[in-house]
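Engineer:
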Amino acid sequence: MTLRVLVTNDDGIAAPGIQALAWAAAQRGMDVVVAAPLEEASGTSAAMSALEQDGRVVVHDHPLPELPGVPAYGVGGSPGFITLIALHGAFGPPPSVVLSGINRGANAGRAVLHSGTVGAAFTAATNGCRAMAVSLDVLSAGEATAASGGAAVDAAARVRDAERNWSTAARVALDLLPRLTAAPIESVLNVNAPDLPHGRLRGVRRGTLASFGQVQMTVAESGHGFVRTSLEEPGQAAQPGTDVALLAAGYASVTAIRAVTEVTDVDLTGLDEQP
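Counting from 8, one number per residue, gives the positions in the sequence shown under the working numbering.
1) In chain order, what residues of the same chain lie with their CB nearer than 7 Å to the CB of G5, ignoring the 5 residues before and after it?
2) Could you check whether V251 and A259 sit closer than 7 Å to each other, using their CB atoms as the reference points?
3) May I ask you to report which of helix, strand or coil DSSP gives T188?
4) Please state the DSSP three-state secondary structure of H67.
5) Under the assumption that G123 contacts L216 (Cβ atoms under 8 Å), give the Cβ distance between them as a whole number of angstroms.
6) Does the contact criterion of 3 or more C-beta pairs under 8 Å hold for the segment 91–107 versus the segment 127–134?
7) To the nearest angstrom, how far is the alpha carbon of A79 from that of D168?
8) For M37, which residues of its own chain have a beta-carbon under 6 Å away from its beta-carbon, when the five flanking residues on both sides are left out?
9) For V273, which of helix, strand or coil comes out of DSSP?
10) On the three-state DSSP scale, how would you describe A169?
11) Select from R63, A33, V82 the residue whose C-alpha is nearest the C-alpha of L106.
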């Protein structure tokens, strides 16, 4: 049976990474549908936001140049929202797998909590669909600072996009698909690849989540009626074996993560006995 795959992202329907991921999935014989935000939606986590006109969510056909015959849609909504409506049949038969990416910049460490790329995957998994988040490590701290200023990232930061090794991240992700389909549905694979040709990749390793991402937000200035933030490098070396350290060493990293889970190590004894 042909695997039905939704490819989405948080960089927007026109981003180069989503086309590379969709192309790789289609080349492997999967039944692919692409649906992604009309504009960049980075940092939206699993937000359920949408743009409506006359009570209807905005959806535009958006054919991808390299993928004739693959249905693709630009949607006025966040990645999590797009994923949820896809699971309810908004773009044809519901997918069996959601591939979210390829994000422009690594999603590593505990900062994955804020990622729209990862948020889409979490939304899928929470609703009974296997999912993978895929990212390419391309952002320096300086580029990330420019990106934080709004949806329109500085043009200089994107000038090399055509030269990025999107195919490396796509190949790593698709090679990991059998592990995803064999895993519990509520699990998400978070995949990060360095911006290297596949032949120069040192390998694929299981990475633990770093205690921080590649950059951290800080308050640069505050005053009457305003706060100005900036991004900076953490200022400490990544612990060996973490996703951040593996990327720096030229490996692709994969981490199995889950979204909302209950914990049992908090003392709540006796509460069930209260009247």
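Glycine included, each C-beta is placed from N, C-alpha and C at the ideal position.
Structural biologist: This is what the structure holds:
1) Because the chain in this structure spans residues 8 to 282, residue 5 falls outside the shown range and cannot be described.
2) No, these two residues do not count as a Cβ contact at 7 Å.
3) Helix.
4) If DSSP states are grouped into helix, strand and coil, H67 belongs with the strands.
5) About 18 Å separates the beta carbon of G123 from that of L216, a gap too long to meet the 8 Å contact definition.
6) Output reads yes: the segment 127–134 touches the segment 91–107.
7) When the Cα atoms are used, A79 and D168 turn out to be separated by approximately 21 Å.
8) The residues are L10, V12.
9) V273 carries a coil assignment under DSSP once its states are collapsed to helix, strand and coil.
10) DSSP places A169 in the helix class (H, G or I) of the three-state scheme.
11) Closest by alpha carbon: A33.
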